[in-house]
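**Q** Just so you know, our numbering puts the end of the sequence shown at 490, numbered straight through with nothing missing. Positions of the beta carbon are idealized from the N, C-alpha and C atoms, including for glycine. All figures in this text were calculated on a predicted structure; none of them were measured in a lab. Before we start, here is the structure in question, set down as structure tokens.
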Amino acid sequence: MDNRPIGFFDSGLGGLTCIPPLMKRLPEEKIIYFGDTARTPYGSKAISTIKGFSMEIADFLVKCNVKMIVIACNTVSATCVGELRKKFPDIPILGIIEPAARQVASECDADNQVGIIGTKVTIASHAYKDMIHEINDTLNINENACPAFVPLIEEGIIENDIMDLTIKYYMDEFVKNNHLDTVILGCTHYPLIKKNIERLYPQLNIINPSSIIVNRIEEILKDGDMFAKDSECQNVFYASDLSENFLNMIDHIFAEEADDAKVKFLNFDLENEFVKQGK
Ligand code: DGL
Numbered sequence: 212m213d214n215r216p217i218g219f220f221d222s223g224l225g226g227l228t229c230i231p232p233l234m235k236r237l238p239e240e241k242i243i244y245f246g247d248t249a250r251t252p253y254g255s256k257a258i259s260t261i262k263g264f265s266m267e268i269a270d271f272l273v274k275c276n277v278k279m280i281v282i283a284c285n286t287v288s289a290t291c292v293g294e295l296r297k298k299f300p301d302i303p304i305l306g307i308i309e310p311a312a313r314q315v316a317s318e319c320d321a322d323n324q325v326g327i328i329g330t331k332v333t334i335a336s337h338a339y340k341d342m343i344h345e346i347n348d349t350l351n352i353n354e355n356a357c358p359a360f361v362p363l364i365e366e367g368i369i370e371n372d373i374m375d376l377t378i379k380y381y382m383d384e385f386v387k388n389n390h391l392d393t394v395i396l397g398c399t400h401y402p403l404i405k406k407n408i409e410r411l412y413p414q415l416n417i418i419n420p421s422s423i424i425v426n427r428i429e430e431i432l433k434d435g436d437m438f439a440k441d442s443e444c445q446n447v448f449y450a451s452d453l454s455e456n457f458l459n460m461i462d463h464i465f466a467e468e469a470d471d472a473k474v475k476f477l478n479f480d481l482e483n484e485f486v487k488q489g490k
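And the structure:
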């Protein structure tokens, strides 16, 4: 048994999409989440910048005494997972790409046309494609960067014509020209526009890594005998800019799941500590 919380981080609010599936599957587990809302988006930045930010946040989570770090960000998982593991060898560090890549590699075959959408950095890294091909090199993989999705989602522009037009701008030709039947949401922000994508392309089988990662978290906890039981820790959500959007999105994502009595929201400046408390 290990009652310490699980640490999650993302460039912003996208990684929050991993939390409801986790709370449903493993309700005893407690969470510390860090969203780097002040410096989002990561997906168009230099890899050296992303590495620097990720190291700072992982260091913060380790100091919070988490039992595992989940990189709830494809951009960081695609570029920094090896170095994070090297820098923090004593704690399990799980990237979001591998569990989904494994699932697609085992469930799809050469008859499928698989598409991956993500940030510029994730797509340029070919992390999904390479990992899938390591397991099953017969799969047809097509990749497309959709850099305008994250800023719109961070602004809360979701159930809206602007979002639908943006999706069509990036995806119409990508889906049509490659005859896609499967699409991997290769950015943790994208499950927030899954309904829009389903409505626009009902023929697609949509793969959501934010749900799939829970299977791997459960396996790691089981193998290490690390499940929590009656933990007295609180769920805490930190943001480097505790904006109204971030708080609104938490309401949107958690709807009924969040138990307000156990959730604390704190604005966290990596240099100046806590400056504001929300909710
Ligand atoms: N949610 C992140 C991802 O999964 C990062 C998006 C961004 O900051 O550009 O890639």
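1. DSSP state of G367, grouped into three classes?
2. Between the C-alpha atoms of E309 and Y339, what's the straight-line distance to the nearest angstrom?
3. What is the DSSP secondary structure of A439, counted as helix, strand or coil?
4. Roughly how far, in whole angstroms, is the beta-carbon of N355 from the beta-carbon of Y381, given that I think they are within contact range, below 8 Å?
5. Tell me the DSSP secondary structure of T393 in three-state form.
6. If we ignore side chains and look at the alpha-carbon of each, how far apart do L224 and M460 end up?
7. When you compare the CB positions of D392 and N323, do they come within less than 8 Å of one another, or not?
8. Is there at least one non-hydrogen atom of ligand 1 closer than 7 Å to the beta-carbon of T330?
9. By a C-beta neighbour count over all protein chains shown, 10 Å radius and 16 as the cutoff for buried, is G329 buried or exposed?
10. Is it buried or exposed for I346, if we count other Cβ within 10 angstroms and need 16 for buried?
11. Can the beta-carbon of T399 be found closer than 8 Å to that of A249?
12. Quick one: what's A356 bridged to in DSSP?
13. Compute the beta-carbon to beta-carbon distance between P232 and C444, rounded to the nearest angstrom, for a pair I have assumed lies under 8 Å.
14. With distances taken from CA atoms, which of V425, I334, D441 and L453 is nearest M234?
15. Which of the three DSSP states is assigned to F508 in this structure?
16. Taking the alpha carbon of A439 as the point to measure from, which residue in G218, E240, C229 and F220 has its own alpha carbon closest?
17. What residue range is occupied by the uninterrupted beta strand (DSSP E) comprising I417?
18. Under 6 Å Cβ to Cβ from C357, same chain only, skipping five residues before and after it: list those, please.
**A** In short:
1. coil
2. 8 Å
3. coil
4. 6 Å
5. strand
6. 7 Å
7. Between D392 and N323, the C-beta spacing is below 8 Å.
8. yes
9. buried
10. exposed
11. no
12. Assignment of beta-bridge partners to A356 by DSSP yields G329.
13. Rounded, the Cβ-Cβ distance is 20 Å, inconsistent with contact.
14. V425
15. Beyond the ends of the chain as shown, which are 212 and 490, falls residue 508; an answer cannot be given.
16. E240
17. N416 to I418
18. I328 and Y381
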